[in-house]
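The sequence shown maps to residues 79 to 307 in our numbering.
All C-beta atoms, glycine included, are put in the ideal place defined by N, C-alpha and C.
For clarity, every value in this text was computed on a predicted model and none was experimentally measured.
Following: one structure in structure tokens, then a few remarks.
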Amino acid sequence: MIKNIHLKIVLLLACILAVHGVYAKSFVAIEDVKVRAEKDSKSALLGKLKKGTIIDVEPIDDTWGKVTYKGKTGYVTSEYFDEPPPSENATESTAVPPAGKKELSENDKKLMMFIGGVIVFLIVIKRVLHYRSEMTDRRKKAAEYEKETAYQPKFWYQCKHCWVTVRRESAPNSEGCFNAPDHHWFELAEYGKTRYLCKKCSTVLNVRSEPATADCKGGELHFWEKLPA
Ligand SMILES: [Zn+2]
Ligand SMILES: [Zn+2]
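So, in structure tokens, the structure goes:
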């Protein structure tokens with residue numbers, strides 16, 4: 079989803095730039111041209127464009143055009159301009175420094191800063207979303223692990239014939255006892271954190287409460303003693 083938004087915004091920005099680029103057009107000075115501070119031939123003189131200079135001129139009215147001259151907005155009378163020949167080899171560009179053919183106007187700078195801001199914002203949003211999804215994954219895994227480890231069979235069973243002790247959710251299969259035709263399971267206790275020892279047969283169990291006094295391998299019944307934690 080975030081990728082889609084990203085793409086849309088980039089496309090939008092590209093459109094803005096394209097539209098922006100259309101409205102100033104390159105012209106060539108056919109005479110030396112004075113650059114004025116205002117749209118007025120009596121206003122301050124910012125400088126002079128030499129004959130042959132190619133520069134972007136944004137037409138304002140029949141007489142005046144707007145240019146960016148040495149980083150400042152200037153005005154020129156458009157009668158001294160012609161469109162440059164397609165080959166552009168007649169250029170003796172002097173007033174315009176090589177990198178400065180597109181010297182950025184204030185508006186351009188603001189636009190660039192805005193675009194930069196949007197891109198940084200998108201990157202940050204993307205990071206945040208990524209981080210959040212990673213955290214959710216981690217939490218899920220932890221929960222799953224807990225669930226798995228929390229699952230423990232609940233009850234202790236002991237066979238009265240072979241004295242095998244097992245932990246199961248419910249009474250195990252009775253077949254296969256080596257001392258009798260079938261195991262004879264007896265539920266001793268529920269699984270828990272307290273330890274009990276039978277002093278007669280040495281069976282040790284982790285239980286919730288004292289195990290039942292069922293038949294013991296050591297004779298008669300188990301004799302349970304609580305072990306220190
Ligand atoms: Zn058995
Ligand atoms: Zn016992």
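Asked, Found
"Excluding five sequence neighbours on each side, which residues of the same chain lie with their C-beta closer than 7 Å to the C-beta of residue 278?", "294, 296, 297, 300 and 301"
"Mind reading off the beta-carbon distance from residue 102 to residue 139? Whole number of angstroms is fine, and I expect it under 8 Å.", "Between residue 139 and residue 102 the Cβ distance is about 15 Å, and since that is not below 8 Å, they are no contact."
"Using 8 Å for Cβ pairs, my map puts residue 153 next to residue 116. What's the rounded Cβ distance?", "6 Å"
"Strictly closer than 5 Å from CB to any heavy atom of ligand 1: give me those residues in the order they appear in the chain.", "237, 239, 240, 255 and 261"
"Check the C-beta distance from residue 266 over to residue 289 and give it rounded, since I have them as a contact under 8 Å.", "4 Å"
"I believe residue 217 touches residue 235 by the beta-carbon criterion, under 8 Å. Please report the beta-carbon distance rounded to the nearest angstrom.", "Going by Cβ atoms, the distance from residue 217 to residue 235 rounds to 37 Å, so no, they are not a contact pair."
"Can you check the stretch 205-278 for any alpha helix (DSSP H) of at least 4 residues that lies completely inside it and give the ranges in chain order?", "none"
"Mind checking whether residue 109 and residue 129 have CB atoms under 8 Å apart?", "yes"
"Would you list the residues sitting across from residue 105 in a DSSP beta bridge?", "133"
"Output the residue ranges of the beta strand (DSSP E) runs that lie fully inside the stretch 134-160 and measure 3 residues or longer, sorted by chain position.", "142-147 and 150-155"
"Can you name, in chain order, every residue of its own chain whose Cβ lies under 6 Å from the Cβ of residue 114, other than the five neighbours on each side?", "121 and 153"
"Relative to the C-alpha of residue 249, which residue among 224, 261, 149 and 275 is closest?", "261"
"Could you tell me which residues DSSP pairs with residue 111 in its beta bridges?", "127"
"Return yes when at least one heavy atom of ligand 2 lies under 7 Å from the C-beta of residue 304, else no.", "no"
"Is it the case that the Cβ atoms of residue 233 and residue 274 are separated by a distance below 8 Å?", "no"
"How far does the beta strand (DSSP E) with residue 303 in it extend, from its first residue to its last?", "302-304"
"Going by beta-carbon coordinates alone, are residue 111 and residue 123 separated by less than 8 Å?", "no"
"Identify whether residue 186 lies in helix, strand or coil by the three-state DSSP scheme.", "helix"
"Measure from the alpha carbon of residue 256 to the alpha carbon of each residue in 199, 244, 240 and 264, then state which is nearest.", "240"
"Provide the residue span of the beta strand (DSSP E) that contains residue 50, from first to last.", "There is no way to answer for residue 50, as the model of the chain reaches only from 79 to 307."
"Could you tell me the alpha carbon to alpha carbon distance between residue 204 and residue 183, rounded to whole angstroms?", "32 Å"
"When burial is assigned at 16 or more other CB atoms within 10 Å of the CB, is residue 168 buried or exposed?", "At residue 168 the pLDDT is 48, less than 50, meaning the model places this residue with poor confidence and gives no usable figure here."
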